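Visitor:
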Amino acid sequence: MTINRMKHLILGTAGHVDHGKTALIKALTDIDCDTHKEEKERGITINLGFSHLTLPSGEAVGIIDVPGHKDFIKTMVAGAFGIDIVLLVVAADSGIMPQTIEHLKIIEMLGVKQGIVVLTKIDLVDDEMVELAEMEIAEFLEGTNFEDAPVVGVSSVTGEGMDELVAKITEVIPKIKERKSTDYFRMYIDRIFNIKGLGFVVTGSVLDGELKTGRELLLLPGKTKKVKVRNIQRHGEPTEKVFPGDRAAINLAGLKLDDYQRGMVLSDKQIEETSMIDATYTLFDVSYEPGLWSKVIFYSGTFECTARIHLLDKDILKAGETAIVQIHLEKPAILINSDRFIIRNSSNDMTLGGGIVVDTAPLHHRKRTPKLIENLNSLVEATINSDNLFNLIKIELKKENAPVFVGFVAEKLNKTDKEIIEECQNNNDDSVYIFTSSGKTILISNDIHKEYHNKILEILEQQHQKNPILEEGFDTKEFYGKFGFTTNEAGKGYLEVLMKEMLEEGVIKKVGNSYALSNHTVKIDPKTQEQLVWLENILKETGIDLPDSENIEELALSKKIKKERLKMLLKYLARQNKLVFYQGEHIHNSVVDKCRKVLLDDLKDKGRGINEKEFRLLLNTTKKFIQIILGILIEQGVVNKETFYIMLTDKGKEMAKNI
Numbered sequence: 218m219t220i221n222r223m224k225h226l227i228l229g230t231a232g233h234v235d236h237g238k239t240a241l242i243k244a245l246t247d248i249d250c251d252t253h254k255e256e257k258e259r260g261i262t263i264n265l266g267f268s269h270l271t272l273p274s275g276e277a278v279g280i281i282d283v284p285g286h287k288d289f290i291k292t293m294v295a296g297a298f299g300i301d302i303v304l305l306v307v308a309a310d311s312g313i314m315p316q317t318i319e320h321l322k323i324i325e326m327l328g329v330k331q332g333i334v335v336l337t338k339i340d341l342v343d344d345e346m347v348e349l350a351e352m353e354i355a356e357f358l359e360g361t362n363f364e365d366a367p368v369v370g371v372s373s374v375t376g377e378g379m380d381e382l383v384a385k386i387t388e389v390i391p392k393i394k395e396r397k398s399t400d401y402f403r404m405y406i407d408r409i410f411n412i413k414g415l416g417f418v419v420t421g422s423v424l425d426g427e428l429k430t431g432r433e434l435l436l437l438p439g440k441t442k443k444v445k446v447r448n449i450q451r452h453g454e455p456t457e458k459v460f461p462g463d464r465a466a467i468n469l470a471g472l473k474l475d476d477y478q479r480g481m482v483l484s485d486k487q488i489e490e491t492s493m494i495d496a497t498y499t500l501f502d503v504s505y506e507p508g509l510w511s512k513v514i515f516y517s518g519t520f521e522c523t524a525r526i527h528l529l530d531k532d533i534l535k536a537g538e539t540a541i542v543q544i545h546l547e548k549p550a551i552l553i554n555s556d557r558f559i560i561r562n563s564s565n566d567m568t569l570g571g572g573i574v575v576d577t578a579p580l581h582h583r584k585r586t587p588k589l590i591e592n593l594n595s596l597v598e599a600t601i602n603s604d605n606l607f608n609l610i611k612i613e614l615k616k617e618n619a620p621v622f623v624g625f626v627a628e629k630l631n632k633t634d635k636e637i638i639e640e641c642q643n644n645n646d647d648s649v650y651i652f653t654s655s656g657k658t659i660l661i662s663n664d665i666h667k668e669y670h671n672k673i674l675e676i677l678e679q680q681h682q683k684n685p686i687l688e689e690g691f692d693t694k695e696f697y698g699k700f701g702f703t704t705n706e707a708g709k710g711y712l713e714v715l716m717k718e719m720l721e722e723g724v725i726k727k728v729g730n731s732y733a734l735s736n737h738t739v740k741i742d743p744k745t746q747e748q749l750v751w752l753e754n755i756l757k758e759t760g761i762d763l764p765d766s767e768n769i770e771e772l773a774l775s776k777k778i779k780k781e782r783l784k785m786l787l788k789y790l791a792r793q794n795k796l797v798f799y800q801g802e803h804i805h806n807s808v809v810d811k812c813r814k815v816l817l818d819d820l821k822d823k824g825r826g827i828n829e830k831e832f833r834l835l836l837n838t839t840k841k842f843i844q845i846i847l848g849i850l851i852e853q854g855v856v857n858k859e860t861f862y863i864m865l866t867d868k869g870k871e872m873a874k875n876i
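For any residue, its number in the numbering used here is found by taking its place in the sequence shown, counting from 1, and adding 217.
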């Protein structure tokens, strides 16, 4: 026998003020959603009302009753965010009214696809009036998500039609897709209140993830405020766990009223705040034509702030059109890709439209280039087509323009590492390069991968052209610096794998610790040979008088040898073991050999060794030269200096025997 897991769903009302939404909910659930004194006095809903309905099937749905008055649209948006089923309420004695139209547009923009039209107050009109109202509703809903929605006539006073409405709600539930679960919890707070003996309780609709009692949560935006879940209620009953689609009341330890601001989110993950997003923006059929930049009010969940919208793929947006935009928020928000939002005009008396977030961490698009528009269109297509996760991965990698650990992409797309890896392995069309380095998975766009491959060849070619007499190119650490990978661990791991691949391809070769082009050969022309002989003789003649770098540069310039070429010549002589390079100084090997012979000859019969002063007197040279030559001999393993005395090593003793 198959047992279907109970769905966690939220039903919300929508419709014009005084069309009977709250009375309808009370008739359905026996719960009065108008709980505030002002609401009772004015006879309208101001705040969100909450209740629940247990259906004959055993399913229990949470219910949100939203205000219908035009002055409380922001509250309506907060309530409608995250609902699964809408009851679009139209009074039989009034018909379609301004907020009926506005609420329907908002509901559609927020992505709600399942609904029932409830024709209320049928006890106040005759059958002909009901029929006319149904015809008006059918015409009104044509071309919308709800043109095929059932229409149920009810009376909240007599109870007529209530059983049919409950039956229709039960029929709709199987049509609703199960929400995709994420590995973290997220919930906008829509109410906060203090209960004596318990402390603060917050309520909201669970958007993502699961939550158990005892869990620690973050209050976002912010990086420091942590609160702990003491108790949870679902539909007024204690529970140990809530899921996406549940209405939850959460008793929190560690929360103070001063910590909270409207628009905050509870999460068990640190979600980075954003003040700039890329998005789609659809303008409703309104008498408003935004230009390239426009000032508006932005709503998503319970979050609200003033914003500026920058059109990216259009100069002017006309009624009914959709554009790609960048939205600059005046205060930080907690948003993720695919979140829905509503836009109202700056005076907050008209709902203009809404859209879908496609990037919460975009670059600041100062120029509207064709390439930018192409990339954004791909991003929009991938975001709206939620099954196309691989496209989103590709876009994130292109945006980063560098190798990244898989966890970086997973966090950006609010997925697990495993989901990202499996998506790349199962759908890869050779556009993503995926590999493991030191047990960590690294991703890079194949386009960017090819750029790095070609850039390495280009860098080595330039190095060989500048230094034709040097066999080597650059080592791995030098490439870290050239690619900005000094502090990028993913970049380091990637580069090591890339260099190994290029070695296997045969396009580069290893020269000592460095890499060079495989076809590179050392070329020494007669002029260069003459310069090398001259430079070597200069350093030989210097002897134990430490050569002065500036003097050598001046002498080289007199021979028309520039500084960069001088460096190349010195490096070549060092690679030929003609010079020893130490602490920025070049000393001819013959000088090092002479000094080493003098020291070994003196030390072979002295068990106690000699100090630096005695060594200096032996060579009759400067203190600086002694420190450098001693450093070279220690590096060569000939002597050591553990105290004040220079002592022969085992290697040095063997060498001394042959003197």
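Just so it is clear, CB atoms sit at the ideal spot from N, CA and C, and this is done for glycine as well. Please read all numbers here as calculations on a predicted model, not as lab measurements.
With burial defined as no fewer than 16 other Cβ atoms inside 10 Å of the residue's Cβ, what is the status of lysine 840: buried or exposed?
Guide: Looking at its Cβ environment, which holds fewer than 16 other Cβ atoms inside 10 Å, lysine 840 is exposed.
Visitor: Among Ser595, Leu660, Gly656, Ser654, which one has its Cα closest to the Cα of glutamate 617?
Guide: Closest option to glutamate 617, Cα to Cα, is Leu660.
Visitor: Please list, in chain order, all residues of the same chain as proline 455 whose beta carbon is under 8 Å from its beta carbon, the five residues on each side excluded.
Guide: Only Asn448, Ile449 meet the Cβ criterion.
Visitor: Helix, strand or coil for histidine 545? Go by DSSP, reduced to three states.
Guide: Reduced to three states, the DSSP call for histidine 545 is strand.
Visitor: Do phenylalanine 402 and glycine 426 have their CB atoms nearer than 7 Å?
Guide: Result yes, Cβ atoms of phenylalanine 402 and glycine 426 sit closer than 7 Å.
Visitor: Going by beta carbon distance, what residues of the same chain come within less than 6 Å of lysine 635, once the five residues before and after it are set aside?
Guide: Excluding residues within five positions, none has a Cβ falling inside 6 Å.
Visitor: In the DSSP assignment, what residue or residues form a beta bridge with cysteine 522?
Guide: Answer is Phe515, bridged to cysteine 522.
Visitor: Any contact between the stretch 628 to 647 and the stretch 723 to 731? By contact I mean 3 or more CB pairs, one from each, below 8 Å.
Guide: With a cut-off of 8 Å, the stretch 723 to 731 and the stretch 628 to 647 do not count as touching, because too few Cβ pairs lie within range.
Visitor: Going residue by residue through the stretch 432 to 474, where are the continuous alpha helix (DSSP H) segments of at least 4 residues, counting only ones entirely within it?
Guide: Counting only runs of 4 or more, we get nothing.
Visitor: Kindly confirm or deny that the stretch 475 to 482 and the stretch 423 to 441 touch, where touching means at least three C-beta pairs closer than 8 Å.
Guide: Output reads yes: the stretch 423 to 441 touches the stretch 475 to 482.
Visitor: Of the residues Gly232, Phe652, Lys740, Tyr862, which one's Cα is nearest the Cα of isoleucine 318?
Guide: It is Gly232.
Visitor: List the whole-angstrom C-beta distance separating leucine 820 from alanine 873, where the pair is believed to meet the contact cut-off of C-beta under 8 Å.
Guide: Contact flag correct, Cβ pair sits at about 7 Å.
Visitor: State yes or no: is the C-beta of valine 513 within less than 7 Å of the C-beta of alanine 465?
Guide: No.
Visitor: Using the Cβ count rule (16 or more neighbours within 10 Å means buried), how would you classify isoleucine 533?
Guide: Under this definition isoleucine 533 is an exposed residue.
Visitor: Measuring CB to CB, does valine 575 end up less than 7 Å from aspartate 692?
Guide: No.
Visitor: Which one of Gly414, Val418, Lys413 has the shortest CA to CA distance from aspartate 407?
Guide: Taking only the C-alpha atoms, the option nearest aspartate 407 is Val418.
Visitor: Which term fits histidine 581, buried or exposed, when burial requires 16 or more other beta carbons within 10 angstroms of its beta carbon?
Guide: Histidine 581 should be labelled exposed.
Visitor: Evaluate contact between the stretch 660 to 680 and the stretch 620 to 638, counting only Cβ atoms and requiring at least three cross-stretch pairs below 8 Å.
Guide: With the cut-off at 8 Å, the stretch 660 to 680 and the stretch 620 to 638 touch.
Visitor: What are the uninterrupted segments assigned as beta strand (DSSP E) that are 3 or more residues long and contained completely in the stretch 765 to 822, given in chain order?
Guide: Here the runs fully enclosed are 796 to 799, 802 to 805.
Visitor: Between isoleucine 612 and leucine 596, is the Cβ-Cβ spacing less than 7 Å?
Guide: Yes, the pair counts as a contact, with Cβ atoms nearer than the cut-off.
Visitor: Just the C-alpha distance for alanine 297 and lysine 330, rounded to the nearest angstrom, thanks.
Guide: Their backbone Cα atoms lie some 12 Å apart in a straight line.
Visitor: If you follow the alpha helix (DSSP H) that threonine 246 is part of, which residue opens it and which one closes it?
Guide: Where threonine 246 is concerned, the enclosing alpha helix (DSSP H) stretches over 238 to 246.
Visitor: Spatial neighbours of methionine 567 within its chain, please: CB distance less than 8 Å, with the 5 preceding and 5 following residues excluded, ordered by chain position.
Guide: Closer than 8 Å at Cβ, skipping near neighbours: Val503, Tyr505, Arg561.
Visitor: With a threshold of 16 other CB atoms inside 10 Å of the CB of glutamate 753, please say whether the residue is buried or exposed.
Guide: Counting Cβ neighbours within 10 Å, glutamate 753 comes out buried, since at least 16 surround it.
Visitor: So arginine 557 is in the alpha helix (DSSP H); what residue range does that whole segment cover?
Guide: Where arginine 557 is concerned, there is no enclosing alpha helix (DSSP H), although the beta strand (DSSP E) it sits in stretches over 557 to 562.
Visitor: Can you give me the C-alpha to C-alpha distance between isoleucine 333 and isoleucine 488, rounded to a whole angstrom?
Guide: So the alpha carbons of these two residues sit roughly 35 Å apart.
Visitor: Any idea if proline 273 is buried or exposed, counting beta-carbon neighbours within 10 angstroms, 16 or more meaning buried?
Guide: Looking at its Cβ environment, which holds fewer than 16 other Cβ atoms inside 10 Å, proline 273 is exposed.
Visitor: Within a Cβ cutoff of 8 Å, which residues of the same chain sit near isoleucine 638, ignoring the five residues on either side of it in sequence?
Guide: If we look at isoleucine 638 and ignore the five residues flanking it on each side, its Cβ neighbours are Val623, Ile651, Thr658.
Visitor: Check whether the stretch 677 to 689 and the stretch 737 to 745 touch, using three or more Cβ-Cβ pairs below 8 Å as the test.
Guide: Counting Cβ pairs under 8 Å, three or more are found: they touch.
Visitor: Just to confirm before moving on: does the CB-CB distance between threonine 430 and glutamate 457 stay below 7 Å?
Guide: Yes, the Cβ-Cβ distance between threonine 430 and glutamate 457 is below 7 Å.
Visitor: By alpha-carbon positions, which one of Asp310, Val383, Ser311 ends up nearest to isoleucine 242?
Guide: Measuring from the Cα of isoleucine 242, the nearest candidate turns out to be Val383.
Visitor: With a Cβ-Cβ cutoff of 7 Å, do tyrosine 405 and glycine 518 count as a contact?
Guide: For tyrosine 405 and glycine 518, yes; Cβs fall inside 7 Å.
Visitor: Per DSSP, what kind of secondary structure is histidine 666 in: helix, strand or coil?
Guide: Helix.
Visitor: Using alpha carbons as the reference points, say which of Leu834, Asp400, Leu865, Phe842 lies closest to glycine 801.
Guide: Checking every option, the nearest Cα to that of glycine 801 belongs to Phe842.
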